[in-house]
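K.L.:
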Amino acid sequence: MDSRELLRTVTQAARNHARTLYHRLVGRHLPRILAVTLLLAAARAGGAATTTLEALARENARALVAVACCCAAVAYAYAMSRPRPVYLVDLAGYKPAASHEATRAESIRRFGLAGDFTGESMAFQRRMMERSGLGEATHFPASLFALPVDMCLRTAREESEAVVFGAVDELLAKTGVPPADIGVVIVNSSLFSPTPSFTSLVVNRYRLRHDVVSHNLSGMGCSAGIIAIDLAKHLLQVHAETYALVVSTENITLNAYMGNYRPMLVTNTLFRMGGAAVLLSNRRAERRRAKYQLMHTVRTHRGGASDRSYACVTQEEDGAGNVGVSLSKELMSVAGEALRTNITTLGPLVLPLSEQLRFLATVVLRRVFGRAGVKPYLPDFTAALDHFCIHAGGRGVLDELERSLKLSAWHMEPSRMTLYRFGNTSSSSLWYELSYCEAKGRIRRGDRVWQIAFGSGFKCNSAVWKALRTVDGGAGRDAGAWAQDIDALPVHVPKVVPIVDGDGANGDDGDRHDAASHVRPE
Numbered sequence: 001m002d003s004r005e006l007l008r009t010v011t012q013a014a015r016n017h018a019r020t021l022y023h024r025l026v027g028r029h030l031p032r033i034l035a036v037t038l039l040l041a042a043a044r045a046g047g048a049a050t051t052t053l054e055a056l057a058r059e060n061a062r063a064l065v066a067v068a069c070c071c072a073a074v075a076y077a078y079a080m081s082r083p084r085p086v087y088l089v090d091l092a093g094y095k096p097a098a099s100h101e102a103t104r105a106e107s108i109r110r111f112g113l114a115g116d117f118t119g120e121s122m123a124f125q126r127r128m129m130e131r132s133g134l135g136e137a138t139h140f141p142a143s144l145f146a147l148p149v150d151m152c153l154r155t156a157r158e159e160s161e162a163v164v165f166g167a168v169d170e171l172l173a174k175t176g177v178p179p180a181d182i183g184v185v186i187v188n189s190s191l192f193s194p195t196p197s198f199t200s201l202v203v204n205r206y207r208l209r210h211d212v213v214s215h216n217l218s219g220m221g222c223s224a225g226i227i228a229i230d231l232a233k234h235l236l237q238v239h240a241e242t243y244a245l246v247v248s249t250e251n252i253t254l255n256a257y258m259g260n261y262r263p264m265l266v267t268n269t270l271f272r273m274g275g276a277a278v279l280l281s282n283r284r285a286e287r288r289r290a291k292y293q294l295m296h297t298v299r300t301h302r303g304g305a306s307d308r309s310y311a312c313v314t315q316e317e318d319g320a321g322n323v324g325v326s327l328s329k330e331l332m333s334v335a336g337e338a339l340r341t342n343i344t345t346l347g348p349l350v351l352p353l354s355e356q357l358r359f360l361a362t363v364v365l366r367r368v369f370g371r372a373g374v375k376p377y378l379p380d381f382t383a384a385l386d387h388f389c390i391h392a393g394g395r396g397v398l399d400e401l402e403r404s405l406k407l408s409a410w411h412m413e414p415s416r417m418t419l420y421r422f423g424n425t426s427s428s429s430l431w432y433e434l435s436y437c438e439a440k441g442r443i444r445r446g447d448r449v450w451q452i453a454f455g456s457g458f459k460c461n462s463a464v465w466k467a468l469r470t471v472d473g474g475a476g477r478d479a480g481a482w483a484q485d486i487d488a489l490p491v492h493v494p495k496v497v498p499i500v501d502g503d504g505a506n507g508d509d510g511d512r513h514d515a516a517s518h519v520r521p522e
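Quick look at the structure:
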């Protein structure tokens, strides 16, 4: 971190502190101070004779009316200046039918039949999948099960429509909200952006009203779900007494890579079919049944910091013309830098003062006084946050975040089990993770949930939610996509789980194992 970036970081932290103190003073304490002052003034004046007050009122009637009007105007302006609360009414994650499930061995076999992969590329994909953290029942679209694979616009639309409609149908059934009451629609899909847009698809399907505010987000990677939430938050400050429907998905049909360029092969072993829908509202009446209230969103964009941040995740063509997503070897380093910038902004908003002072002290000692021997202090976010939903981008990402944030296996369980059961579903993975917390009965009233997502560009985005009520666990209404699996989870997933072919061989020249023996309930 150079001196300019350090100055920007410290300046941003100071602004966050000032903003927090201002809102605490003006939002919480100033009305109380004014009320106490008025009471003291009234008590002091209480000794005056009633006749004196009546005479004063008669002589200054117009002035008193003017003062009263001014007070009412100030009170109204203060009330209108306060941000509208944003509630999460409910959420729904899409679970494809069992016919879309494939074991890891079946996935590798289908890759071999579908693409012109060399033996080296097939061996590389096998090794990556053995270390990926994925389980034996992740989901593929039907287009990639066909022989030959049917990668076209029609099948891509079929996949996305099944996911989007499935998630929204379940969400509307759970909430009972009429589609006509929805005033804002936001859909994010990074790699597939058809015409008409996904928002138009939703508006048409559910016959939404003509003045609905719609935004279609694309090209923003796996962090687009938090960007959509942040956009909805700002729109709900403008449009009163309404609902915002946010849908996060990704398309696999047109984004499976069929070439042999190694940086692009990794995505084949991680990305799977999935999506989620979330219903937000600024209606105060919804607080009684809403699950969460949005407390903070923090967006960090490192694209302007360096070219390596901008180019570490790119969609491009290989030498043979095959389109895929290339992941740079510097991805983990870039993600770490983005995370540090993000938590520098988020920290003053959520951390207790003691943690903030420790962090600031180490920065001053290292950068101002040149004490290179002082270890950087990473704040203990578990002191302020109860649940962590970290984007299930892959085992390597989760391992690094567990180490960096000093989280326990319990904190990482929702992310690891989402990766195991559903794979990397891009921006929607955060909602599968939150749904896992609910299904396990972890969410208690007052708990705070931190969602962290990373995306191309390079971006790191955060959202912090406060639980407004306790969510019942188990395989009931709130289990959603986890209903059939929650009682069997969590399971222990070793760092390497050999893939067993149909004939019992694991494809490499090493020992033969039963893959199921490496995955056991915890």
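The sequence shown: position 182 = 182 (UniProt numbering), numbered continuously.
No residue lacks a Cβ here, since even glycine has one placed at the ideal position from N, Cα and C.
All of these numbers come straight from a predicted model, not from anything done at the bench.
1. Would you decide whether T195 is buried or exposed? Buried here means 16 or more other CB atoms lie within 10 Å of its CB.
2. Among A361, M258, E355, V278, whose alpha-carbon lies nearest the alpha-carbon of G319?
3. Restricting to Cα atoms, I'd like to know which of C389, M122, L349 is closest to N260.
4. Whose C-alpha, out of V471, C312, P490, is nearest the C-alpha of A409?
5. Kindly indicate which three-state DSSP category M417 falls into: helix, strand or coil?
6. For N461 and R308, I'd like the C-alpha separation in whole angstroms.
7. Would you check if the distance between the CB atom of L91 and the CB atom of L434 is smaller than 8 Å?
8. Between the C-alpha atoms of T103 and E286, what's the straight-line distance to the nearest angstrom?
9. Residues in the same chain with beta-carbon distance under 6 Å from residue 524, minus the five sequence neighbours each way, listed in chain order, please.
10. Would you identify the three-state DSSP class for Y94, choosing helix, strand or coil?
11. Can you have a look at Q484 and say buried or exposed, based on whether 16 or more other CB atoms are within 10 angstroms of its CB?
12. Check the C-beta distance from V185 over to T199 and give it rounded, since I have them as a contact under 8 Å.
13. Taking the alpha carbon of I390 as the reference point, which residue from L398, A384, A137 has its own alpha carbon closest?
14. With distances taken from CA atoms, which of I229, A240, A453 is nearest V247?
15. Under the rule that 16 or more other beta-carbon atoms within 10 Å means buried, what is G455, buried or exposed?
16. What does the Cβ neighbour count give for Q237, buried or exposed, with the cut at 16 atoms within 10 Å?
17. Given a threshold of 16 other Cβ atoms within 10 Å of its Cβ, counted over all protein chains shown, does G133 qualify as buried or as exposed?
18. Is the number of C-beta pairs between the region 359-366 and the region 313-332 that are closer than 8 Å three or more?
19. When DSSP builds the beta bridges, which residues end up paired with E317?
20. Here's the rule I'm using: 16 or more other beta-carbon atoms within 10 Å means buried, otherwise exposed. How should V496 be labelled?
21. Look up A48 in the DSSP assignment and say whether it is helix, strand or coil.
22. Look at N188 and A224 and say whether their C-beta atoms are less than 8 Å apart.
23. Going by C-alpha to C-alpha distance, which of P414, L385, H492, E413 sits closest to D447?
24. Taking the C-alpha atoms as reference points, what is the distance between V177 and C437?
25. Taking the continuous alpha helix (DSSP H) assigned at W465, which residues delimit it?
26. Using 8 Å for Cβ pairs, my map puts T267 next to E159. What's the rounded Cβ distance?
27. If we count the other Cβ atoms within 10 Å of its Cβ and call it buried at 16 or more, is T118 buried or exposed?
28. Assuming T138 and F422 are in contact, meaning their beta carbons sit under 8 Å apart, how far apart are those beta carbons, in whole angstroms?
29. What ranges does the alpha helix (DSSP H) occupy inside the region 388-457, keeping only unbroken runs of at least 4 residues that lie completely in it?
30. Please state whether the Cβ-Cβ distance between S312 and F124 is less than 8 Å.
31. Report the partner residues of V298 according to the DSSP bridge assignment.
32. Within this structure, are the beta carbons of W431 and G135 separated by less than 8 Å?
33. Which residue marks the beginning of the beta strand (DSSP E) containing N216, and which one marks its end?
34. Reducing DSSP to helix, strand and coil, say where G347 ends up.
35. Once DSSP output is grouped into helix, strand and coil, what is the label at H234?
36. State yes or no: is the C-beta of M273 within less than 8 Å of the C-beta of P96?
P.N.:
Looking at the coordinates:
1. exposed
2. M258
3. M122
4. P490
5. helix
6. 19 Å
7. yes
8. 42 Å
9. Past the edges of the chain, shown from 1 to 522, lies residue 524, and the structure says nothing about it.
10. coil
11. exposed
12. Indeed, because the Cβ distance is near 5 Å, the residues count as touching under 8 Å.
13. Cα-wise, what sits closest to I390 is L398.
14. I229
15. With 16 or more other Cβ atoms inside 10 Å of its own Cβ, G455 counts as buried.
16. exposed
17. buried
18. no
19. V323
20. exposed
21. For A48, the pLDDT reaches just 47, beneath the cut-off of 50, and the residue's location in the model is therefore unreliable, leaving the point undetermined.
22. yes
23. Minimum Cα distance to D447 is reached at L385.
24. 24 Å
25. Counting along the chain, W465 falls outside any alpha helix (DSSP H), though it belongs to the beta strand (DSSP E) covering 459-467.
26. 16 Å between Cβ atoms; not a contact.
27. exposed
28. 6 Å
29. 395-404, 409-422, 429-439
30. According to the sequence as given, residue 312 is Cys; it is not Ser. Not in contact: C312 and F124 (Cβ atoms no closer than 8 Å).
31. S462
32. Taking 8 Å as the Cβ cut-off, W431 and G135 do not qualify as a contacting pair.
33. 213-217
34. Taken through DSSP and simplified to helix, strand or coil, G347 comes out as helix.
35. helix
36. yes
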